[in-house]
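In our numbering, the protein residues as written are 283 to 515. No residue lacks a Cβ here, since even glycine has one placed at the ideal position from N, Cα and C. The next block holds one structure in the form of structure tokens; read it before the comments.
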Ligand SMILES: CC(C)(COP(=O)(O)OP(=O)(O)OC[C@H]1O[C@@H](n2cnc3c(N)ncnc32)[C@H](O)[C@@H]1OP(=O)(O)O)[C@@H](O)C(=O)NCCC(=O)NCCS
């Protein structure tokens, strides 16, 4: 059984620990967290170190892989970037809760996390490092780009494209055939009936408020094209 670490000892990380324990596919050796004390026990598993100590931890615990336990897309992207700087050879693990319902042939790539009760329909395509949170559903033929997310209860119809690092928040609904741009956030409980461009924060039922989002230098430099080069194939 492969030894793995969870990067981020938050509630999201704890949910991942629960999936790892239920699926019995990996041996969880610890959490890595740069903001919480070492040896703090979370869900019966200790924090064993921080980002700087990651190379040593990999050697010490004979670690094969890591799951990024961070729900926020942009923070997860930064974490990915930081991890590969100190541990370029580490494998990124995907985890799928046993209660998730996946259509046949749906593939869950590296780093993606599928929580309890999520539903992924026929021919939907999921990117790397995505999160489909509790009871989220993704319609047939829809696409989630790398580092995008569906929060708990989000409902996405068929043939929708969700852009790089974009999130559909808690219980929002997206109608069929629409395109959500990159780095866009659809606010909780919103109803999306038309496509939304990149770098927007949009909410309302149906969407009635669209604000521009400004990205910091790190995110500006790491546009989808650059990120594609960065993400291991
Ligand atoms: C995306 C989100 C965080 C933006 O919230 P925000 O940063 O407060 O947005 P703003 O500061 O621009 O909000 C300004 C106003 O819009 C309102 N607003 C924000 N999001 C809203 C939404 N989804 N629906 C209706 N009104 C909303 C705020 O209440 C505020 O109103 P006020 O000025 O009258 O007080 C929020 O919409 C959201 O979706 N939260 C849920 C996050 C989530 O999914 N968490 C679960 C993780 S599993």
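From 481, 499, 423, 413, residue whose alpha carbon lies closest to that of residue 298: By one-based count along the chain shown, residue 298 stands at place 16. Out of 481, 499, 423, 413, 413 has the C-alpha closest to the C-alpha of residue 298.
Contact set, ligand 1 heavy atom to C-beta under 5 angstroms: The set of residues with CB atoms less than 5 angstroms from any heavy atom of ligand 1 reads, in chain order, 415, 433, 434, 451, 452, 467, 469, 470, 485.
Distance, residue 360 Cα to residue 293 Cα: In the chain shown, the residue the question calls residue 293 occupies position 11. In the chain shown, the residue the question calls residue 360 occupies position 78. Distance from the CA atom of residue 293 to the CA atom of residue 360, rounded to whole angstroms, is 18 angstroms.
Contiguous alpha helix (DSSP H) assignments of at least 4 residues, all confined to the region 390-435: Whole alpha helix (DSSP H) segments, 4+ residues: zero.
Where residue 491 falls: helix, strand or coil (DSSP): By one-based count along the chain shown, residue 491 stands at place 209. If DSSP states are grouped into helix, strand and coil, residue 491 belongs with the strands.
Sheet register partners of residue 437 (DSSP bridge): Translated into positions along the chain shown, residue 437 becomes position 155. 419, 455.
Sequence-distant residues of its chain with Cβ nearer than 8 angstroms to residue 424 (five each side left out): Counted from its first residue, the chain shown places residue 424 at position 142. So the qualifying residues of the chain are 403, 406, 407, 438, 439, 440, 441, 442, 443, 444.
Residue span of the beta strand (DSSP E) that contains residue 484, given as start and end: Along the chain shown, read from residue 1 onward, the residue named residue 484 stands at position 202. Counted as a single uninterrupted DSSP element, the beta strand (DSSP E) harbouring residue 484 occupies residues 482-485.
Reduced DSSP category for residue 377 - H, G, I as helix; E, B as strand; rest coil: Along the chain shown, read from residue 1 onward, the residue named residue 377 stands at position 95. In the three-state reduction of the DSSP assignment, residue 377 falls in the strand class, which pools E and B.
Burial state of residue 379, where buried means 16 or more other Cβ atoms lie within 10 Å: Translated into positions along the chain shown, residue 379 becomes position 97. Flag for residue 379 reads buried.
Contact belief for residue 324 with residue 349 at Cβ below 8 angstroms, rounded distance in angstroms: The residue labelled residue 324 in the question sits at position 42 within the chain shown. The residue labelled residue 349 in the question sits at position 67 within the chain shown. Not really, about 14 angstroms apart at Cβ, beyond 8 angstroms.
Pair within 7 angstroms by beta-carbon distance, residue 449 and residue 477: In the chain shown, counting from the first residue as 1, residue 449 sits at position 167. In the chain shown, counting from the first residue as 1, residue 477 sits at position 195. No, the pair does not count as a contact, with Cβ atoms beyond the cut-off.
Nearest to residue 371 (by Cα), restricted to the options 384, 345, 355: The residue you call residue 371 lines up with position 89 of the chain shown. Shortest Cα-Cα distance from residue 371 to any of 384, 345, 355 involves 345.
Sequence-distant residues of the same chain with beta carbon closer than 8 angstroms to residue 501, five excluded per side: Taking the chain shown and counting its residues from 1, one reaches residue 501 at position 219. Excluding its 5 nearest sequence neighbours in each direction, residue 501 has C-beta neighbours in its own chain below 8 angstroms: 356, 359, 447, 465, listed in chain order.
Span separating the alpha-carbon of residue 487 from that of residue 322: One-based indexing of the chain shown puts residue 487 at position 205. One-based indexing of the chain shown puts residue 322 at position 40. When rounded, the distance between both Cα atoms is 43 angstroms.
Rounded C-alpha distance that separates residue 334 from residue 473: Walking along the chain shown from the start, residue 334 turns up at place 52. Walking along the chain shown from the start, residue 473 turns up at place 191. Approximately 42 angstroms, taken between the alpha carbons.
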